[in-house]
Ligand SMILES: Nc1ncnc2c1ncn2[C@@H]1O[C@H](COP(=O)(O)OP(=O)(O)O)[C@@H](O)[C@H]1O
Ligand SMILES: [Mg+2]
């Protein structure tokens, strides 16, 4: 140590820095307890202030002064206001919600669900296996086939088709709403500034919270479930559409414009195709989130595999719940790999 | 050379980058240097009062160091960047006044652009890249197909139509870029350092190709480069930019022989004059010239008068016929059997053209170990227009040798 401090005095630049390091490490190893004490003593003043305040708070008894004063608490007021607002909407806008409800149901969900349910199970299994083969290779297609067999063997096939119908309709709605929103965000920073915090909010909010207002507006059933799923799952496709479009090489866009392309032409023929791999990644995430939310949404009337899980919990039938869970996992794995393959096939056409 | 009416002209173009360009342009900052303005206001004066005319069919090269505003200039010509002030006039029309719609049309029909980093669309095949301009114009698929194949043939890429850009080498990608620019058959080509990203051998190949194409196409070309050799090789005229302003415009010979200031001189210092300048540049008017019908005595007197050992023999239209040596003339004058110098010509009528490069001449002289006192120079019609004396050629050869060594030394230290 003496040698080290000598060096520190005489040396300069790198040498003195090396000496300082040497001294510090030696101290660290040899004088550990003292070093720790010294570090605690050297804490900044404001940390001490916090410690003192907490100590005082736990020792001294403040009595009634410890409670939040009545005048300050607005929680009940706020929640009552929200209740009233929702009530008002339920009364006033009921026809609108009812129209949305019946149209979505009658023209999209039910036909799709009935069609899927009407297909022979082996045809569905075959198609899924074949698509898996094209998108994710031979190994995965074999796994797919096995998993479809499992679904059938567990008696989950019809439930899975019902779930699939809800997921597909929700995803389609998410794409229809999300892609244009993402485009608008990429093109206009002001829109971006509004939508981005909204998306953050939607994603951090616990998924159960959506169920209540949606249920009040639309009642119980498949459509409110779909709406809740869309709200929950739309964020990734919006974000990744916007990201994908902003990521497109500016010089390529400039070249496109230099030959007289309008901004619509640039969007459709250059930006969207080049953003497609990223948008596909967003689609993949949206589908995964939709699948997760379908389970939660079965509380307000989404039929399908989620109900099995829910009933399994409610009636303490572990086996039933587990099978439902496995069914969900199987769907997740297959949909995930197929959509990933979709994103990759978009990418493989060009240089990375 | 009489200037024909300009195809394209930039008139007092200014471009200021920054939040409030007009505040700079409408104040004293306008006349301050770029560095001062940037320091004080955060605005960059990328173009400063740029004016030039480009004639129909001319190759106009803009040269300058990186950051001198070349890319900004060429983009302003298409309004890919909006100029802050000034006009761009094409075929007598001020395009800075164009509506959006007219501007789109102008870009579609009149100009094709080639980019430094190719800027091809990675998701489209070579064919669809080349067809881009035609496609957005709404041309039929058939027209696009025909035209694209023709263009690919022109740039030597038949058979690559269905490949994607990343499957091609850099040089090939830029050929696609060129084909794309030519596809709509525009009258103007704007090229922003098109060959800078290519390695030297490919670059030279592409330059030669462009020259070959231009001989046939006769487009009006604005060509941006930071490479003087390239500028001198391609340019009919060259503009030199510094800090956003054009500081000299001239033919390659002007630029090399009379650099405007040290900045330009710095560029041209390393240039081997022999590679750039034509014979015309160093030739002198012919001293001794005799007509083919004149007699040996006349020729002899002429040579004595000028203290020359040879005389050039021309016909009555000044066309060069050959060289007459002094001894031959003297012998004929004594013997008296020849009536005209035309019968005394010993050497075949070999001469250089005024447009040959000095380098070419030098190489020939050395190859053939030419021992003549002086070398005749003729114009395109074969008329005698000058001579280059042997001493001049010797100096030139020395000069070339020295500069070449100098350049190599410098290049090897910078690598
Ligand atoms: N969008 C921009 N915003 C601010 N400054 C810019 C912008 N584009 C170019 N510049 C500046 O303008 C000057 C000229 O740039 P550029 O035209 O690209 O030069 P060159 O092509 O000759 O290298 C440079 O100093 C550059 O930093
Ligand atoms: Mg540039």
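Residue numbers (this note's numbering), protein chains in the order written: chain A, 3 to 354; chain B, 26 to 440. Yeah, the Cβ is synthetic: ideal placement off N, Cα and C, and Gly gets one too.
Alpha carbon to alpha carbon, what distance is there between residue j and residue i?
i: residue 261 of chain B; j: residue 110 of chain B; result: 28 angstroms
i: residue 234 of chain A; j: residue 107 of chain A; result: 19 angstroms
i: residue 213 of chain B; j: residue 207 of chain B; result: 9 angstroms
i: residue 163 of chain A; j: residue 222 of chain A; result: 20 angstroms
i: residue 195 of chain A; j: residue 326 of chain A; result: 41 angstroms
i: residue 429 of chain B; j: residue 120 of chain B; result: In this predicted model, residue 429 of chain B has a pLDDT of only 42, less than 50, meaning its place in the structure is not dependable enough to derive any value.
i: residue 333 of chain B; j: residue 100 of chain B; result: 58 angstroms
i: residue 369 of chain B; j: residue 410 of chain B; result: 22 angstroms
i: residue 273 of chain B; j: residue 60 of chain B; result: 21 angstroms
i: residue 290 of chain B; j: residue 253 of chain B; result: 11 angstroms
i: residue 80 of chain A; j: residue 228 of chain A; result: 28 angstroms
i: residue 140 of chain A; j: residue 147 of chain A; result: 11 angstroms
i: residue 150 of chain B; j: residue 192 of chain A; result: 36 angstroms
i: residue 8 of chain B; j: residue 129 of chain B; result: Lying before the first or after the last residue shown, residue 8 of chain B is absent from chain B, which here runs from 26 to 440.
i: residue 402 of chain B; j: residue 386 of chain B; result: 10 angstroms
i: residue 316 of chain A; j: residue 207 of chain A; result: 24 angstroms
i: residue 348 of chain B; j: residue 338 of chain B; result: 6 angstroms
i: residue 95 of chain B; j: residue 249 of chain B; result: 7 angstroms
i: residue 252 of chain A; j: residue 222 of chain B; result: 18 angstroms
i: residue 2 of chain A; j: residue 121 of chain A; result: The structure shown has nothing for residue 2 of chain A, since chain A only spans 3 to 354.
i: residue 435 of chain B; j: residue 229 of chain B; result: Residue placement at residue 435 of chain B is flagged as unreliable, the pLDDT there being 36, under the threshold of 50; the coordinate-derived value follows with that caveat. Those two C-alpha atoms are separated by around 21 angstroms.
i: residue 209 of chain B; j: residue 83 of chain B; result: 19 angstroms
i: residue 216 of chain A; j: residue 150 of chain A; result: 33 angstroms
What first and last residue would you give for the beta strand (DSSP E) that runs through residue i?
i: residue 250 of chain B; result: 245 to 250
i: residue 314 of chain B; result: 314 to 316
i: residue 414 of chain B; result: 409 to 414
i: residue 75 of chain B; result: 69 to 80
i: residue 131 of chain B; result: Taken as a continuous stretch (DSSP letters only), residue 131 of chain B belongs to no beta strand (DSSP E), being part of the alpha helix (DSSP H) at 125 to 134.
Are there any heavy atoms of ligand 2 lying less than 8 angstroms away from the beta-carbon of residue i, as far as the coordinates show?
i: residue 249 of chain B; result: yes
i: residue 199 of chain B; result: no
i: residue 217 of chain B; result: yes
i: residue 141 of chain B; result: yes
i: residue 253 of chain A; result: no
i: residue 91 of chain B; result: yes
Where do the ends of the alpha helix (DSSP H) carrying residue i lie?
i: residue 195 of chain A; result: 191 to 206
i: residue 95 of chain B; result: 95 to 101
i: residue 266 of chain A; result: 265 to 268
i: residue 388 of chain B; result: 383 to 392
i: residue 220 of chain A; result: 209 to 220
i: residue 173 of chain B; result: 166 to 179
i: residue 119 of chain A; result: 112 to 120
Determine, for residue i, whether the minimum Cβ-Cβ distance to residues of chain A falls below 9 angstroms.
i: residue 164 of chain B; result: no
i: residue 42 of chain B; result: no
i: residue 138 of chain B; result: yes
i: residue 54 of chain B; result: no
i: residue 205 of chain B; result: yes
i: residue 195 of chain B; result: no
i: residue 209 of chain B; result: yes
Residue i touches chain A at which residues, Cβ-Cβ below 9 angstroms?
i: residue 251 of chain B; result: Per Cβ cutoff of 9 angstroms: no residues; residue 251 of chain B is ~18 angstroms from chain A at best.
Anything in chain A within Cβ reach of residue i, meaning under 8 angstroms, just list it in chain order.
i: residue 130 of chain B; result: 262
i: residue 158 of chain B; result: 261 and 262
Could you name the residues of chain B that residue i contacts, counting a contact when the two beta carbons are closer than 8 angstroms?
i: residue 177 of chain A; result: Going along chain B, no residue has its Cβ under 8 angstroms from residue 177 of chain A, so there is no contact; the nearest lies around 20 angstroms.
i: residue 254 of chain A; result: 144, 145, 146 and 147
So residue i contacts chain B; which residues on that side make the cut at Cβ distance below 7 angstroms?
i: residue 267 of chain A; result: 161
i: residue 272 of chain A; result: 146
i: residue 259 of chain A; result: 105
For a cutoff of 9 angstroms on Cβ pairs, would you count residue i as touching chain B?
i: residue 276 of chain A; result: yes
i: residue 85 of chain A; result: no
i: residue 251 of chain A; result: yes
i: residue 118 of chain A; result: no
Beta carbon of residue i: closer than 8 angstroms to some heavy atom of ligand 1?
i: residue 138 of chain B; result: no
i: residue 411 of chain B; result: no
i: residue 95 of chain B; result: yes
i: residue 98 of chain B; result: yes
i: residue 71 of chain B; result: yes
i: residue 19 of chain B; result: Outside the shown range of chain B, which is 26 to 440, sits residue 19 of chain B, and nothing can be said about it.
Report the neighbours of residue i on chain A: residues whose CB is nearer than 7 angstroms to its CB, in chain order.
i: residue 133 of chain B; result: 261 and 262
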